[in-house]
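**Student:**
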Amino acid sequence: MCGICGIWYFDRQKPVDVHLLHRMTDQMIHRGPDEDGFHTEDSIGLGFRRLSIIDVAGSHQPMPNEDQTAWIVFNGEIYNFQELRQRLASHHTFMTNGDTEMILHAYEEYGVDCVQKLRGMFAFAIWDATADRLTLAVDRFGKKPLYYLLDGEKFIFASELKCILQHPGVSREMDFAALDEYFYCGYITAPRSIFRTIRKIPPGHTLTIERGGNCQLEEYWHPQLCEPAAYDQRPIEDLAAELRELLTEAVRLRMISDVPLGAFLSGGIDSSAVVALMSQVSTQPVKTFSIGFDEQMFDETGYAQIVADYCKTDHTRDVVRPDVVSILPKLIRQFDEPFADPSMIPTHYVSQAARQHVTVALSGDGGDEVFAGYHSYLYGFRQEFLRALIPDSWRPAAAKFGRQIPKKLRVGTYLSVVDRPIGEWALYTALFNVDARSQLYAATSQKTGEHAKREAVIASGNLAWLSQLQYNDLRAYMPGDILVKVDRASMLASLEVRSPLLDHVVFEFMAKVPPQYKMTWWNSKILLKKALGDLLPQEIHTRGKQGFGIPLRDWLAKPLHSMLRETLLDSTTRNRGLFNMAYLEKLIDEHTRYAVNHEYRLWGLLCFELWARTYLPV
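In terms of our numbering, the sequence shown opens at residue 1112 and continues consecutively.
1. Would PRO1626 and LEU1358 be called neighbours here (beta carbons separated by less than 8 angstroms)?
2. Is ILE1186 helix, strand or coil by DSSP?
3. Looking at C-alpha atoms only, which residue of LEU1439, THR1631 and ARG1685 is the closest neighbour of GLU1451?
4. Take LYS1254 and list the residues in its own chain whose beta-carbon comes closer than 6 angstroms to its own, dropping the five residues that flank it on each side.
5. Are the segment 1211-1229 and the segment 1177-1189 touching by the rule of at least three beta carbon pairs closer than 8 angstroms?
6. Rounded to whole angstroms, what's the CA-CA distance from PHE1400 to GLY1373? Just pull it up for me.
7. At which residues does the beta strand (DSSP E) containing VAL1249 begin and terminate?
8. Near ASP1239, what residues of its chain come up, given a Cβ to Cβ distance below 6 angstroms and the 5 sequence neighbours on each side ignored?
9. Among PRO1302, ILE1115 and LEU1195, which residue has its Cα nearest to the Cα of MET1174?
10. Between VAL1386 and VAL1370, how many whole angstroms is the CB-CB distance? I'm expecting something under 8 angstroms.
11. Roughly how many angstroms separate the alpha carbons of THR1470 and THR1458, rounded to a whole number?
12. Quick one: give me the first and last residue of the beta strand (DSSP E) that GLN1197 is part of.
13. Which residue marks the beginning of the alpha helix (DSSP H) containing PHE1719, and which one marks its end?
14. Is ARG1609 helix, strand or coil when you go by DSSP?
15. What are the boundary residues of the beta strand (DSSP E) that includes TRP1666?
16. Please confirm whether GLY1324 and PHE1121 have their CB atoms less than 8 angstroms apart.
17. So what does DSSP say about GLU1411, is it helix, strand or coil?
18. Which residues in the same chain have their Cβ closer than 7 angstroms to the Cβ of LEU1328, if we skip the five residues on either side of it in sequence?
19. Going along the chain, which residues of its own chain have a beta-carbon closer than 6 angstroms to the beta-carbon of ASN1686, five neighbours each way excluded?
20. Identify, in the order they occur along the chain, each residue of the same chain with its Cβ nearer than 7 angstroms to the Cβ of PRO1648, setting aside the five sequence neighbours on each side.
21. Could you name the residues of the same chain whose beta carbon sits closer than 7 angstroms to that of GLN1581, not counting the 5 residues immediately before and after it, in chain order?
22. The beta strand (DSSP E) spanning TRP1633 covers which residue range?
23. Could you pull out every residue in the same chain whose Cβ sits closer than 6 angstroms to the Cβ of PRO1453, ignoring the five residues on either side in sequence?
24. Looking at the secondary structure, which residues open and close the beta strand (DSSP E) in which ALA1269 lies?
25. Could you check which residue in THR1703, ALA1600 and ASN1208 has the C-alpha nearest to that of SER1673?
26. For the putative contact between VAL1226 and LEU1260, defined by C-beta atoms under 8 angstroms, what is the C-beta separation to the nearest angstrom?
27. Assuming PRO1256 contacts ALA1234 under a Cβ cut-off of 8 angstroms, what Cβ separation, rounded to an integer in Å, is found between them?
28. In angstroms, rounded to a whole number, what distance separates the CA positions of LEU1489 and ASN1634?
29. Among ALA1415, THR1684, ASP1476 and ASN1583, which one has its Cα closest to the Cα of CYS1296?
30. Measuring straight from C-alpha to C-alpha, what distance separates ILE1164 and ASP1530?
31. Per DSSP, GLU1330 is paired with what?
32. So does the segment 1596-1610 actually touch the segment 1129-1142, counting three or more Cβ pairs closer than 8 angstroms?
33. If I follow the unbroken beta strand (DSSP E) through TRP1576, where does it start and stop?
34. Quick one, which of GLN1395, GLU1220 and TYR1190 has its alpha-carbon nearest ALA1361's?
35. Thinking just about the alpha-carbon of each residue, which of SER1487, ASP1592, TRP1666 and ASP1700 is nearest to the one in THR1631?
36. Considering Cα atoms alone, identify which of LEU1646, ALA1384 and ILE1312 is closest to ALA1301.
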């Protein structure tokens, strides 16, 4: 894994300051501690930081083609590069043994359409001097980030936003629509960034820029989920057998590495499945790593140990305690933008633990989205069952009745939304809903709407109910939260994380699987369990889903309470003028007294304010 950046001035007579490129790459040494590299010519400059994984002795970047008319900087891994290299070898001369050079020659052979042939995670930029054009691309799911700024005189790009901010001509004016999206979702989705003039390339997109600033952002891949008529109607045994073959191949490809490799192991079905398949492929015990807590209700390490024993892995366990105050500012800075998922803390700790032993770790990320594992999908299944029993004309009355039933009776929860399209379930969970945001913001603050989640709901309207819910997560939550968390937290530890369950070939197969092979009233991920049943202990088959959570409520009420009050209620926050300070005091008071649980709202506010003190001018 690496970090890339570049500057292109449209005025041919304006050279790139190499010292500025150095300052940009210095901001992301953690992404590539092994070496740096630079290339400048006329008005363009490319910068690179390397974490050596494949072809350790070679594959230095920026890398040119044979006649130095094209140069590439690349972050990621292409798992089918050896196959593509063989296809290209008859027309191109290869000087290295890695995947970077293969991408460059694939670009020469196929143009920007080369991305269609890549199987992996990537963000790259190719400078084509002959065409006077810069081409950038991001992988299908958005595993690797790429920020950019385009104005009338220049184009700047980088793996991390903080690199772009090194340029003295870049404004730090906030995008208030992005800020509002953060307080709605807890993250900011592409193409927005928290700063008005800086953007992110969305998943599955290429961006082509010509001198003068003419640019074209194009989508080359979209997560297509099938309508019922296109479902694969083969028996579940046949589907399970094929899925097992696809997953084995996805894992095998991601175990290609010239440096030590291991896996995260939480004890959930997803990471357990990856570890089980790795154990089948590997001739040596797989190195596995898990994170636990002293608080038993959040600790999964017992299940992780069961899988480790069953698969005979070389297992390492670490414990996270609420001394996170010392690492929070560093972690918040690493994320570049406001980010409110508290599981970034254990993700960073498990990455640190793994990095002491390996350079690459496989993970189970994407399993919930691809195989339908979230609790919200089970709730959707039950709501859809109720909707089928209740005639359309009765649903408004049934919903009104459901809202009067005590919340502890779950049937009321299902009935209360039975009159709304199931795809809108994605809109029910918010860090601050519309009413709460109206209380949160000071009177002068700008307010907007529901952003990426709403857009995904509209786009998924013609799909079957389960596909709607999966689509919403694939387009907003997964690229905006899950993949950001994993990339930033692992890269801070200089660890490369690979996600075989997010192999696009596996996804496209699962997109055609009927809902009844994904879940029932009480059970989820049915086909995954069927495919790998004999490789996993029974305890993993039967346990319920547990997210990668932390004891946040107690941490904020007790050990982090002082930090919370001192940060949110001091003069710096007050003088910024964004928030209704009386509302902040109310949230803190109610949470501290355990009157109302505001853990996620307070955490989101704390993360924002710590971010603001790092990135916004005083």
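We put the CB at the ideal spot given by N, CA and C, even for glycine.
**Tutor:** The answer reads as follows:
1. Taking the first residue of the sequence shown as position 1, residue 1626 is located at position 515. Taking the first residue of the sequence shown as position 1, residue 1358 is located at position 247. Cβ distance not < 8 angstroms, so PRO1626 and LEU1358 don't count as in contact.
2. The residue labelled residue 1186 in the question sits at position 75 within the sequence shown. In the sequence on display, residue 1186 carries Asn and not Ile. Note: ASN1186 maps to strand in three-state DSSP.
3. Here residue 1451 refers to the residue found at position 340 of the sequence shown. The displayed chain sequence assigns Ala, not Glu, to residue 1451. Measuring from the Cα of ALA1451, the nearest candidate turns out to be LEU1439.
4. Here residue 1254 corresponds to residue number 143 of the sequence shown, with the count starting at 1. Correct list, in chain order: MET1232 and LEU1594.
5. yes
6. Counting from 1 along the sequence shown, the entry for residue 1400 is found at position 289. Counting from 1 along the sequence shown, the entry for residue 1373 is found at position 262. In a straight line, the C-alpha of PHE1400 is about 8 angstroms away from that of GLY1373.
7. Here the question's residue 1249 lines up with position 138 in the sequence shown. Start and end: 1244-1249.
8. On the sequence shown, residue 1239 is found 128 positions in, with the first residue counted as 1. Excluding positions up to five away in sequence, the list reads ALA1181.
9. Locating residue 1174 in the sequence shown gives position 63, counting from the first residue. Ranking the options by Cα distance to MET1174, first place goes to ILE1115.
10. Reading the sequence shown from its first residue, position 275 is the one you call residue 1386. Reading the sequence shown from its first residue, position 259 is the one you call residue 1370. VAL1386 to VAL1370, Cβ: 19 angstroms. No contact.
11. Residue numbering aside, residue 1470 sits at position 359 when the sequence shown is read from its first letter. Residue numbering aside, residue 1458 sits at position 347 when the sequence shown is read from its first letter. Straight-line Cα distance between these residues: approximately 15 angstroms.
12. Mapped onto the sequence shown, residue 1197 falls at position 86. Careful: GLN1197 lies outside any beta strand (DSSP E), inside the alpha helix (DSSP H) at 1192-1199.
13. Translated into the one-based positions of the sequence shown, residue 1719 becomes position 608. 1710-1726 is the extent of the alpha helix (DSSP H) around PHE1719.
14. On the sequence shown, residue 1609 is found 498 positions in, with the first residue counted as 1. ARG1609 falls in the strand class under three-state DSSP.
15. Numbered from 1 along the sequence shown, position 555 holds the residue referred to as residue 1666. Careful: TRP1666 lies outside any beta strand (DSSP E), inside the alpha helix (DSSP H) at 1663-1668.
16. Counting from one through the sequence shown, the residue named residue 1324 turns up at place 213. Counting from one through the sequence shown, the residue named residue 1121 turns up at place 10. Contact flag set, yes.
17. Taking the first residue of the sequence shown as 1, we reach residue 1411 at position 300. In this structure, GLU1411 counts as coil in the three-state DSSP scheme.
18. Here the question's residue 1328 lines up with position 217 in the sequence shown. So the list reads HIS1316 and LEU1318, once near-sequence residues are dropped.
19. Within the sequence shown, residue 1686 is the residue found at index 575, counting from 1. Result list for ASN1686: empty, nothing under 6 angstroms.
20. Translated into the one-based positions of the sequence shown, residue 1648 becomes position 537. Closer than 7 angstroms at Cβ, skipping near neighbours: ILE1417, VAL1418 and TYR1421.
21. Here residue 1581 refers to the residue found at position 470 when the sequence shown is read from its first residue. The residues are LEU1336, GLU1480 and ALA1483.
22. Within the sequence shown, residue 1633 is the residue found at index 522, counting from 1. First-last for TRP1633: undefined, no H or E at that position.
23. Here residue 1453 refers to the residue found at position 342 of the sequence shown. Once the five neighbours on either side are set aside, the close Cβ partners of PRO1453 are ILE1661, LEU1663 and TRP1714.
24. Walking along the sequence shown from the start, residue 1269 turns up at place 158. That run of the beta strand (DSSP E) goes 1265-1269.
25. As a working note, residue 1673 is residue 562 in the sequence shown. Comparing Cα-Cα distances from SER1673 to each of THR1703, ALA1600 and ASN1208, the minimum goes to THR1703.
26. Taking the first residue of the sequence shown as 1, we reach residue 1226 at position 115. Taking the first residue of the sequence shown as 1, we reach residue 1260 at position 149. Incorrect: roughly 22 angstroms between the Cβ atoms, too far for contact.
27. Sequence index remark: in the sequence shown, residue 1256 carries index 145 (1-based). Sequence index remark: in the sequence shown, residue 1234 carries index 123 (1-based). Going by Cβ atoms, the distance from PRO1256 to ALA1234 rounds to 6 angstroms, so yes, they are a contact pair.
28. For the purposes of this step, residue 1489 is taken as residue 378 along the sequence shown, with counting starting at 1. For the purposes of this step, residue 1634 is taken as residue 523 along the sequence shown, with counting starting at 1. Those two C-alpha atoms are separated by around 8 angstroms.
29. Taking the first residue of the sequence shown as position 1, residue 1296 is located at position 185. That would be ASN1583, whose Cα lies nearest to the Cα of CYS1296.
30. As a position in the sequence shown, residue 1164 is number 53, starting the count at 1. As a position in the sequence shown, residue 1530 is number 419, starting the count at 1. C-alpha separation (whole angstroms): 52 angstroms.
31. Taking the sequence shown and counting its residues from 1, one reaches residue 1330 at position 219. Note: GLU1330 sits in a beta bridge opposite HIS1316.
32. yes
33. Your numbering for residue 1576 matches position 465 in the sequence shown. Premise fails: TRP1576 lies in the alpha helix (DSSP H), 1576-1583, not in any beta strand (DSSP E).
34. Stepping through the sequence shown from its first residue, residue 1361 is reached at position 250. It is TYR1190.
35. To locate residue 1631, count along the sequence shown from 1; it is residue 520. Nearest of SER1487, ASP1592, TRP1666 and ASP1700 to THR1631, Cα basis: SER1487.
36. Here residue 1301 refers to the residue found at position 190 of the sequence shown. The candidate whose alpha carbon is nearest that of ALA1301 is ILE1312.
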